[in-house]
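In what follows, a structure is listed as structure tokens, so that the remarks can point back to it.
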Amino acid sequence: MHVYRVVLFSFWVMLAGCTNVAGDKIRTVTAPEGGTLPAEALMRTAVDFFTEAGYACSPEADSRLRCRKDIRDLYIHQTHAVVEVFPEGDSGGSDRYLLIATRWDEGMIPGEFISSEFANADVADFCDSLQAFGQGVCHIEG
Numbered sequence: 014m015h016v017y018r019v020v021l022f023s024f025w026v027m028l029a030g031c032t033n034v035a036g037d038k039i040r041t042v043t044a045p046e047g048g049t050l051p052a053e054a055l056m057r058t059a060v061d062f063f064t065e066a067g068y069a070c071s072p073e074a075d076s077r078l079r080c081r082k083d084i085r086d087l088y089i090h091q092t093h094a095v096v097e098v099f100p101e102g103d104s105g106g107s108d109r110y111l112l113i114a115t116r117w118d119e120g121m122i123p124g125e126f127i128s129s130e131f132a133n134a135d136v137a138d139f140c141d142s143l144q145a146f147g148q149g150v151c152h153i154e155g
């Protein structure tokens with residue numbers, strides 16, 4: 014009877030799976046030198062950019078944006094990237110915005126086998142695009 018319980022518990026643990034989250038470097042988006050950074054323009058630019066890159070974006074209240082992209086969808090494991098843009102601090106009228114990217118791994122592959130390193134190339138490309146068009150500048154937080 015003891016072996017039966019061990020096998021049953023082991024099977025349950027395997028099916029329960031696990032969730033692992035890894036984050037990219039946090040970036041602050043500011044206005045270009047001598048310019049302004051209107052929230053509406055930044056959010057519109059971000060939605061257009063990330064939608065074109067394959068993300069599903071959902072603008073939220075208070076100048077917040079959340080975009081999600083499925084990276085891997087296997088029977089036993091799913092991975093997706095999430096990008097969030099929101100004002101730094103509590104006020105929605107800020108000229109500084111946080112740009113945060115995370116990778117979510119969910120499924121039956123243990124965290125020991127998944128890299129804790131994550132760098133989202135789409136976020137780096139977005140920052141390059143903002144700077145190239147004079148819409149904003151990204152700074153990596155130390």
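Here our numbering runs 13 ahead of the position in the sequence shown, where the first position is 1. Note that the Cβ used here is the ideal one computed from N, Cα and C, for glycine as well.
Per DSSP, residue i forms a beta bridge with which residues?
i     : result
Ala35 : Arg116
Glu97 : Arg79 and Ile113
Thr49 : Thr49 pairs with nothing; no bridge assigned.
Asp86 : Gln91
Within the continuous beta strand (DSSP E) that includes residue i, where are the two ends?
i      : result
Thr43  : Arg40 to Thr43
Ser71  : Ala69 to Glu73
Ile153 : Val150 to Ile153
Label residue i either buried or exposed according to how many other C-beta atoms from any shown protein chain fall within 10 Å of its C-beta, with 16 as the threshold for buried.
i      : result
Arg85  : exposed
Tyr88  : exposed
Ser76  : buried
Gly147 : exposed
Gly149 : buried
Val34  : exposed
Ala194 : The chain is shown from 14 up to 155; residue 194 falls before or after that span and cannot be answered.
Arg57  : exposed
Trp25  : Residue confidence for Trp25 is low, a pLDDT of 49 falling below 50, so the modelled location carries little weight; the figure read from the coordinates is stated next. Flag for Trp25 reads exposed.
Ala52  : buried
Where do the ends of the alpha helix (DSSP H) carrying residue i lie?
i      : result
Phe139 : Ala134 to Ala145
For residue i, which residues of its own chain have a beta-carbon under 6 angstroms away from its beta-carbon, when the five flanking residues on both sides are left out?
i      : result
Arg79  : Ser71 and Glu97
Ala59  : Leu78 and Val98
Ser129 : Ala35
Arg116 : Ala35, Ala94 and Phe131
Gly67  : Lys82
Contact check, residue i vs residue j under 8 angstroms by CB: the rounded distance?
i     : j      : result
Ala74 : Lys82  : With a Cβ gap of about 22 angstroms, Ala74 and Lys82 do not count as contacting.
Thr92 : Asp108 : No, Thr92 and Asp108 are not in contact; Cβ-Cβ is about 34 angstroms, not under 8 angstroms.
Cutting at 7 angstroms between CB atoms, please list the residues of its own chain near residue i, excluding the five before and the five after it.
i     : result
Phe62 : Phe139 and Ser142
Quick one: what's got a C-beta closer than 8 angstroms to residue i's C-beta in the same chain, skipping five residues either side?
i      : result
Leu112 : Ile39, Arg40, Thr41, Val42, Val96, Glu97, Val98, Val136, Phe139, Cys140 and Cys151
Glu154 : Lys38, Ile39, Arg40 and Thr41
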